[in-house]
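Residue 18 is where the sequence shown starts when you use our numbering, and the numbers rise one by one after that. This report concerns only the one structure given below.
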Amino acid sequence: MKSFRYTSFLIVLSLVQVTVFAQDEYPKVLAQEGDGIYSLLRRHGVSPTKYYNDFVDMNSEDLGADESLILGRHYRLPDTLAAKSVSVLEEGPTYSIFGDDFKKVDTVSNRLENTIYYLISGHGGPDPGAVEKYRGKLISEDEYAYDVTLRLARELISHGAEVHIIVEDKNDGIRDKRVLELDTDETVGSETIPLKQLERLKQRAKAVNDLYTKNSNKYQRLLVTHVDSRGEGTNIDVFFYHHEKSKNGKKLAESIHQTFYRKYKKFQPNRLYNGTFMERSSLYMVKNTLPAMAYIEIGNIRNKKDQRRILDPDNRQALAKWISEGILLDYESSQTTVSK
Numbered sequence: 018m019k020s021f022r023y024t025s026f027l028i029v030l031s032l033v034q035v036t037v038f039a040q041d042e043y044p045k046v047l048a049q050e051g052d053g054i055y056s057l058l059r060r061h062g063v064s065p066t067k068y069y070n071d072f073v074d075m076n077s078e079d080l081g082a083d084e085s086l087i088l089g090r091h092y093r094l095p096d097t098l099a100a101k102s103v104s105v106l107e108e109g110p111t112y113s114i115f116g117d118d119f120k121k122v123d124t125v126s127n128r129l130e131n132t133i134y135y136l137i138s139g140h141g142g143p144d145p146g147a148v149e150k151y152r153g154k155l156i157s158e159d160e161y162a163y164d165v166t167l168r169l170a171r172e173l174i175s176h177g178a179e180v181h182i183i184v185e186d187k188n189d190g191i192r193d194k195r196v197l198e199l200d201t202d203e204t205v206g207s208e209t210i211p212l213k214q215l216e217r218l219k220q221r222a223k224a225v226n227d228l229y230t231k232n233s234n235k236y237q238r239l240l241v242t243h244v245d246s247r248g249e250g251t252n253i254d255v256f257f258y259h260h261e262k263s264k265n266g267k268k269l270a271e272s273i274h275q276t277f278y279r280k281y282k283k284f285q286p287n288r289l290y291n292g293t294f295m296e297r298s299s300l301y302m303v304k305n306t307l308p309a310m311a312y313i314e315i316g317n318i319r320n321k322k323d324q325r326r327i328l329d330p331d332n333r334q335a336l337a338k339w340i341s342e343g344i345l346l347d348y349e350s351s352q353t354t355v356s357k
């Protein structure tokens with residue numbers, strides 16, 4: 018039997034204590050067409066990984082839904098030398114799986130040190146999932162689920178987690194594009210993805226369970242990310258599933274769900290967040306994997322409103338960021354419970 022190999026990341030962080038002080042004035046820049054927080058910060062030489070939260074805190078009153086920028090409005094940039102009193106961490110290593118533009122991962126904290134996360138993006142290989150047309154071009158579920166999964170992996174790594182990306186595409190990387198081209202070269206480790214659906218699911222479950230068994234004495238969680246496909250008229254919010262008998266899985270799903278609820282309340286106060294978290298043990302990946310897990314549906318690819326959330330690269334980044342914030346809260350609350 019062929020053995021699996023997986024992309025694994027382990028960040029060892031060393032803190033360099035640097036005291037910096039806030040200043041009264043911060044440079045202001047104009048939001049241009051197509052700008053999101055990540056693209057604006059990168060264009061002005063500011064690390065989005067390190068300073069995203071600073072930017073949001075400084076400009077929260079001028080942000081739109083999903084932490085979006087408003088065209089023509091001026092925004093304050095964090096001063097990378099004097100944003101506020103913080104501990105600045107050494108720059109992290111690079112990972113080719115994220116692509117040339119994202120391969121360098123700045124280390125932000127060690128909040129997830131000694132944790133392991135398994136990330137699975139839905140579909141892939143011979144199965145693109147639902148395929149739709151957008152402005153004359155084909156878009157598919159698997160490409161967008163994979164892009165969000167890579168962005169989530171990068172966020173978790175920046176906080177010190179060990180991350181295993183189960184479904185991989187060696188040449189895609191994170192893509193700051195609206196239309197992500199379809200391909201079928203995704204793999205699980207070094208193995209091609211089978212044609213039959215059940216075999217595909219078994220392959221992924223085995224990959225996770227083998228790793229889980231090897232790391233049985235460590236803190237481990239699984240995140241499965243999908244893009245839903247319902248009728249064109251069905252607009253959905255991000256929602257979550259967990260195993261009915263897993264208290265830790267329920268807690269993880271609830272923590273991410275509550276993070277989304279708070280974000281919607283802050284950035285879309287006139288819109289009720291209708292996303293849910295519930296048990297759905299009938300799903301194969303929920304039923305047949307060992308780690309506590311959350312199964313995430315990020316939108317309906319057939320719905321025009323949901324397409325705006327999924328196709329915009331900065332929205333995909335916000336999704337990954339919010340999911341990671343829920344994961345951080347889940348882990349830290351579990352450590353507080355253990356210490357009591």
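For each residue, glycine too, the CB sits at the ideal point set by N, CA and C. Only a predicted model underlies this, so the values are computations on that prediction, with no experimental measurement involved.
Near tyrosine 161, what residues of its chain come up, given a Cβ to Cβ distance below 6 Å and the 5 sequence neighbours on each side ignored?
Hits under 6 Å: Val244, Ile327.
Does the separation of the CB atoms of phenylalanine 257 and isoleucine 273 fall below 8 Å?
By the CB criterion at 8 Å, phenylalanine 257 and isoleucine 273 fall inside the cutoff.
Lysine 282 versus tyrosine 348: straight-line alpha-carbon distance, rounded
Distance between the alpha carbons of lysine 282 and tyrosine 348: 23 Å.
Provide the residue span of the beta strand (DSSP E) that contains threonine 230, from first to last.
For threonine 230, there is no enclosing beta strand (DSSP E); the enclosing alpha helix (DSSP H) has its first and last residue at 214-231.
Could you tell me if methionine 310 is buried or exposed, where buried requires 16 or more neighbouring beta carbons within 10 angstroms of its beta carbon?
Methionine 310 should be labelled buried.
From this set, Glu296, Ser64, Phe72, Phe277, which residue's C-alpha is nearest isoleucine 344's C-alpha?
Answer by Cα proximity: Phe277.
DSSP three-state call for arginine 319: helix, strand or coil?
Note: arginine 319 maps to coil in three-state DSSP.
Whole-number beta carbon distance between tyrosine 312 and valine 241, since they are thought to touch under 8 Å:
Indeed they touch by this definition, with Cβ atoms about 5 Å apart.
Check leucine 300 in the structure and name its three-state DSSP category.
Assignment of leucine 300 by DSSP, reduced to helix, strand and coil, places it in the coil class.
My parser needs the beta strand (DSSP E) runs of 3 or more residues fully inside the segment 238-281; what are they?
Here the runs fully enclosed are 256-259.
Over what stretch of residues does the alpha helix (DSSP H) that includes aspartate 159 continue unbroken?
Per DSSP, aspartate 159 belongs to the alpha helix (DSSP H) from 158-175.
Beta-carbon spacing of proline 9, phenylalanine 72 below 8 Å:
Nothing in the structure corresponds to residue 9, since the chain is present only between 18 and 357.
Does the beta-carbon of asparagine 332 have 16 or more other beta-carbons within 10 angstroms, so that it is buried, or is it exposed?
Classification of asparagine 332: buried, given that the 10 Å Cβ count is 16 or more.
Nearest neighbour of lysine 280, chosen from Ile340, Ile183, Thr353, Thr132 [CA to CA]:
Among Ile340, Ile183, Thr353, Thr132, the Cα nearest to that of lysine 280 is on Ile340.
Measure how close the beta-carbons of leucine 358 and alanine 178 come, nearest whole angstrom, since I'm counting them as under 8 Å.
The structure shown does not extend to residue 358, since the chain spans only 18 to 357, so no value can be given for it.
For threonine 209, three-class secondary structure by DSSP:
DSSP places threonine 209 in strand when its eight states are reduced to three.
Within 10 angstroms of the Cβ of serine 175, are there 16 or more other Cβ atoms? Answer buried if so, exposed if not.
Burial call: buried.
For isoleucine 183 versus isoleucine 137, is the C-beta spacing smaller than 8 Å?
Contact: yes.
Sort Ala337, Leu173, Glu342, Leu80 by Cα distance to aspartate 164 and report the nearest one.
Considering only alpha carbons, the answer is Ala337.
Which full runs of the beta strand (DSSP E) of 3+ residues lie inside the segment 68-100, going along the chain?
As far as the segment 68-100 is concerned, its whole beta strand (DSSP E) runs of at least 3 residues are 91-93.
What's the call for phenylalanine 38, buried or exposed, on a 16-neighbour Cβ count within 10 Å?
Legend: pLDDT at phenylalanine 38 = 34, less than 50; position of this residue unreliable, value from coordinates given subsequently. So phenylalanine 38 ends up on the exposed side.
C-beta contact flag for lysine 67 and valine 125 at 8 Å
Between lysine 67 and valine 125, the C-beta gap is smaller than 8 Å, which places the two residues in contact.
Contact check, serine 246 vs glycine 139 under 8 Å by CB: the rounded distance?
Actually they do not touch by this definition, with Cβ atoms about 10 Å apart.
What does a CB cutoff of less than 7 Å around arginine 238 pick up in its chain, not counting 5 residues either side in sequence?
The beta carbon of arginine 238 sits closer than 7 Å to the beta carbons of Tyr134, Leu269, Pro308, Ala309, Met310 from its chain, once the five residues preceding and following it are set aside; these are given in chain order.
Is isoleucine 28 helix, strand or coil by DSSP?
Only weak support is given to the placement of isoleucine 28: the predicted model assigns it a pLDDT of 38, under 50, and the value that follows is read from those uncertain coordinates. Note: isoleucine 28 maps to coil in three-state DSSP.
Please say whether threonine 306 and arginine 222 have beta carbons closer to each other than 8 Å?
Note that residue 222 corresponds to alanine in the displayed sequence, not to arginine. Pairing alanine 222 with threonine 306 gives a Cβ-Cβ distance under 8 Å.
Counting C-beta neighbours from all protein chains within 10 Å, is the total for serine 157 16 or more, i.e. buried, or is it exposed?
Around the beta carbon of serine 157, 16 or more other beta carbons lie within 10 angstroms, which makes this residue buried.
Can you tell me whether DSSP reads glutamate 349 as helix, strand or coil?
If DSSP states are grouped into helix, strand and coil, glutamate 349 belongs with the helices.
Pair within 8 Å by beta-carbon distance, aspartate 254 and asparagine 287
Not in contact: aspartate 254 and asparagine 287 (Cβ atoms no closer than 8 Å).
Pair within 8 Å by beta-carbon distance, arginine 168 and isoleucine 191:
Result yes, Cβ atoms of arginine 168 and isoleucine 191 sit closer than 8 Å.
Below 8 Å between beta carbons: does that hold for glutamine 324 and tyrosine 112?
No, Cβ-Cβ distance for glutamine 324 and tyrosine 112 is not below 8 Å.
How big is the Cα-Cα spacing for glycine 206 and lysine 213?
For glycine 206 and lysine 213, the distance between alpha carbons rounds to 18 Å.
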